[in-house]
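Counting from 1, position 255 in the sequence shown corresponds to residue 255 in the UniProt record's numbering; the numbering is continuous, with no gaps.
Just so you know, even glycine gets a beta-carbon here, dropped at the ideal spot from N, CA and C.
Bear in mind that the values here come from a model prediction, so they are computed numbers and not experimental data.
Below is one structure; the comments refer to it alone.
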Amino acid sequence: MAPTREMSLETKERIVKLLEEGNSSRMVAKDVGCSQSAVSKIWTKYKQHGMVVKAKRTGRPRKTSKRQDKQLKAICLENRKSTTKQMKHKWEEAGANVCDRTVRNRLKEMGFQYRKAKRKPSLTPKHKRTRLQWAKERQSWTVDDWMKVIFSDESRICIGQGDDAGTFVWCRSSEIYEEACLKKTTKFPQSLMIWGCMSGKGTGEMTVVNSSINAQVYIDILDSFLIPSIEQMFGDNEIIFQDDNASCHRAKTVKAFLGERHIQSMSWPANSPDLNPIENLWWKLKKMVHKKAPTCKADLATAIKESWHQIDAEYCLSLIKSMPQRQKAVIKAKGGATKY
């Protein structure tokens, strides 16, 4: 037998009103179009509760107690990389009798979601202390202060790099391995190492580096590309130069070169790409190069140079404006990883 449709609240209230006016249950049932027994039940409930109330349904009993839910939370926090099946087995060992779906439902109720883990550099306690101290020392810096900094870095760009989101194709289940439905990969993709710099005024010089970088090669890069970038963007104004802690960057000869040119260097905490806005610039550059679809090193070099010059100053300025927020994020995380 199919379940009957539940009577609306308005109909129930009309029934009560007609009965209070002195009408018989038979007349009321005929008026609203329901059975006489339904009218009697509604009237009885109204006299018991003083209002037309919706009956509370018991429903299916909850399979786990609050104590068991706390056990699941502890199991999840013990190893956040566990699958629901693994957590289910550990929970059952503690006395719970549940299925995988119940595990997922309880974790969802607690606010947990199974997400792809973010890739971040490993940070030791010393790294965290250094990052925190660095951020606090510059806590009072404004965007205008950061506008005086020129950021630099090296990056390797590979053919095919920049397709982080993956490639989607329309195909039937029988066509998965057809030529047109594949994303081709190469074991050793062709690549180029580049050096570049940027500030809130835009991109500076960029060059392809065709050899391994030692102290002398790095000095040649600074002399040929950093110095012209500083002159172009800042003229005779004082600037602060940022580079990371690579051994060739911290060589005595490099420090001497910068000292002779009266260029002030910024101290830099190790393993901190999230504090360097040029990392975001590399990401954008790789996306732009990928769209040009280079197939050989010569095409790759051309695509890199064209894309570099297409990056506008507004984008660079937006990255520099994010520096105060990056510092706050590091301080909030007590030197730990941030979203940047």
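Start-to-end residues for the alpha helix (DSSP H) that takes in residue i
i	result
W308	297-310
P125	125-137
Y114	That residue, Y114, is in no alpha helix (DSSP H); it is neither H nor E in DSSP.
S318	313-321
R101	100-109
W146	143-146
Residues of its chain near residue i, where Cβ-Cβ distance is below 6 Å and the 5 sequence neighbours each way are ignored
i	result
M1	Because the pLDDT of M1 is 41, which lies under 50, any placement of that residue in the model is unreliable, and the number read from its coordinates should be weighed accordingly. Cβ within range, chain order: n/a, list empty.
A337	K120
N23	none
L225	Here residue 225 turns out to be Phe, not Leu, going by the sequence shown. Excluding residues within five positions, the ones whose Cβ falls inside 6 Å are E205, T207.
S199	I150, M233
R326	L275, Y340
E178	none
E279	P273
W195	E154, T207, V209, I221
Burial state of residue i, where buried means 16 or more other Cβ atoms lie within 10 Å
i	result
G172	Per the sequence presented here, residue 172 reads as Arg, with Gly not at that position. Result: exposed.
V330	buried
S152	buried
A270	exposed
W308	buried
I176	exposed
P61	exposed
C197	buried
K12	buried
S229	buried
residue 341	Given that the chain is displayed from residue 1 to residue 340, the structure contains no residue 341 and the question cannot be resolved.
V143	exposed
K286	buried
H262	exposed
T44	exposed
W283	exposed
I227	exposed
A117	exposed
L72	buried
F281	The sequence given here places Leu at residue 281; Phe does not occur at that position. Label assigned to L281: buried.
L9	exposed
Other residues of its chain near residue i: CB distance less than 8 Å, five sequence neighbours each side excluded
i	result
G50	none
F112	C76
Q190	C158, I159, C296, K297, L300
M7	C34, A38, I42
S267	W134
E306	K292
Contact set for residue i: own chain, Cβ-Cβ below 7 Å, skip 5 residues either direction
i	result
D69	R106
K90	I75
V169	C181
Y46	V16, V52
K334	K128, L132
D100	T84, K85, K88
Residue i beta carbon near the ligand GDP (any heavy atom closer than 7 Å)
i	result
L281	With respect to the ligand GDP, the structure offers nothing, as it holds no ligand at all.
Report the residue ranges of all alpha helix (DSSP H) runs contained in full by the UniProt domain "Tc1-like transposase DDE" (149-294); include only those spanning at least 4 residues, in chain order. 215-221, 227-234, 252-260, 278-291
If we require 4 or more residues per run, which alpha helix (DSSP H) segments fall completely within the region 19-97? As far as the region 19-97 is concerned, its whole alpha helix (DSSP H) runs of at least 4 residues are 25-32, 36-49, 66-78, 84-93.
Counting Cβ pairs closer than 8 Å, one from the region 121-137 and one from the region 207-215, do we hit at least three? No, the region 121-137 does not touch the region 207-215.
Could you tell me whether the region 318-328 touches the region 143-159, using the rule of 3 or more Cβ pairs below 8 Å? yes
On the three-pair Cβ rule with 8 Å, is the region 218-226 touching the region 250-262? Yes: at least three Cβ pairs fall under 8 Å.
With three or more C-beta pairs closer than 8 Å as the rule, is the region 233-250 touching the region 81-97? no
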